[in-house]
Amino acid sequence: MKAGVVQLFHALSVLDDLDGVSVLLTGDEEIGSPTSRTLIEAEARRTGAVLVLEASEGGALKTARKGVSGYELNITGRAAHAGLEPHRGVNTTTELAHQVLALTALADPATGTTVTPTVASSGTTRNTVPDAARLLVDVRVETVAEQDRVDRAMQGLAPVLAGASLGLAGGPDRPPLQTSASAELFELARTCYAELGFGPLRGVAVGGGSDGNLTAGAGTPTLDGLGAVGGGAHADDEHVVVAELPRRAALVASLVASLVREPLSVPGRVTT
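In numbering that gives the first Met the number 0, the protein residues as written are 0 to 271.
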């Protein structure tokens with residue numbers, strides 16, 4: 000993120016005309032943008048294009064990102080002694096196992112939809128039938144239709160064991176950034192990159208979400224992955240290729256200059 004900010008301000012510093020250009024920096028994207036989301040979407044709706052300076056793996060721009068949904072499933076049962084009267088209990092660990100199988104069946108590899116149970120807990124002691132369980136679920140989708148399908152299925156979950164009850168919180172968090180939202184900007188980026196003498200530029204679809212999902216969801220053409228070139232995101236070997244910083248800054252400068260000269264036309268929107 001910090002490398003992207005450095006690139007951004009170096010890129011803008013060489014431009015004479017910044018009429019209509021807005022810079023928005025936020026600090027809560029990694030936790031879902033809870034305080035900045037409204038501002039991001041409002042700014043996106045009043046502009047004609049969004050350039051996101053998220054990091055880039057191997058130099059490729061991110062022309063599509065999966066949408067993200069998150070859920071917390073709470074299961075309530077009835078406690079009992081596991082040795083003396085297990086039949087009196089309603090075992091939330093058993094119910095949890097049933098729900099995990101039901102959830103994973105919602106995934107659809109053919110459409111790129113993943114439904115992943117991640118964090119689970121149930122029970123307190125070895126000799127007690129557990130009466131409470133909790134499960135966190137991560138969902139990634141390529142289309143809004145799939146996001147809606149999975150959400151309807153999640154809302155329709157029903158307990159398997161008699162006496163168990165379910166409580167579900169959460170839902171769709173970020174809509175997918177689909178290729179259609181980035182296609183025109185990506186072609187412009189390829190042209191700018193070639194004119195700078197840097198060679199071909201690749202575009203990739205990725206599973207992780209960003210604030211670019213929010214701007215694309217607001218109906219604004221969005222191109223992501225314009226930040227630092229590097230790798231190892233969130234890992235011990237996370238790194239930036241310093242030699243690529245000037246080239247990336249030059250690309251951002253060229254893109255901004257092109258968009259200031261000839262803004263994109265967004266149907267039904269008057270931009271400022």
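Backbone N, C-alpha and C fix where the C-beta goes; we use that ideal spot for every residue, glycine too.
Between the CA atoms of residue j and residue i - distance to the nearest angstrom
i: S120; j: R133; result: 5 angstroms
i: D150; j: D16; result: 45 angstroms
i: T285; j: L250; result: Beyond the ends of the chain as shown, which are 0 and 271, falls residue 285; an answer cannot be given.
i: A59; j: T91; result: 46 angstroms
i: A182; j: A101; result: 37 angstroms
i: N126; j: A81; result: 5 angstroms
i: D236; j: R44; result: 37 angstroms
i: V239; j: V228; result: 6 angstroms
i: L167; j: V136; result: 11 angstroms
i: V143; j: A79; result: 44 angstroms
i: G76; j: H97; result: 14 angstroms
i: E56; j: V203; result: 10 angstroms
i: Y192; j: G198; result: 7 angstroms
i: L244; j: S35; result: 27 angstroms
i: P129; j: I74; result: 10 angstroms
i: V255; j: R148; result: 38 angstroms
i: V138; j: L38; result: 25 angstroms
i: A41; j: A215; result: 12 angstroms
Three-state secondary structure (DSSP) of residue i
i: L135; result: strand
i: T271; result: With a pLDDT of 44 at T271, under the threshold of 50, the modelled position of this residue cannot be trusted, and the question is left open.
i: T221; result: strand
i: A193; result: helix
i: L278; result: Only positions 0 to 271 of the chain appear in the structure, and residue 278 is not among them; the question remains open.
i: R201; result: coil
i: D147; result: helix
i: P245; result: helix
i: H238; result: strand
i: G216; result: helix
i: V159; result: coil
i: V140; result: strand
i: L52; result: coil
i: S181; result: helix
i: G211; result: helix
Buried or exposed by the 16-neighbour rule on C-beta atoms within 10 Å, applied to residue i
i: R260; result: exposed
i: V51; result: buried
i: Q177; result: buried
i: P262; result: exposed
i: S253; result: buried
i: R64; result: buried
i: G155; result: exposed
i: K61; result: buried
i: S12; result: exposed
i: P171; result: buried
i: V22; result: exposed
i: T124; result: exposed
i: R173; result: buried
Strand pairing of residue i, partner residues [DSSP]
i: R45; result: DSSP lists no partner for R45.
Any non-hydrogen atom of the ligand SAM closer than 8 angstroms to residue i Cβ
i: D107; result: In terms of ligand content, the structure shown is empty, and the ligand SAM therefore cannot be addressed.
Continuous alpha helix (DSSP H) assignments of at least 4 residues falling wholly in the region 54-137: 91-103
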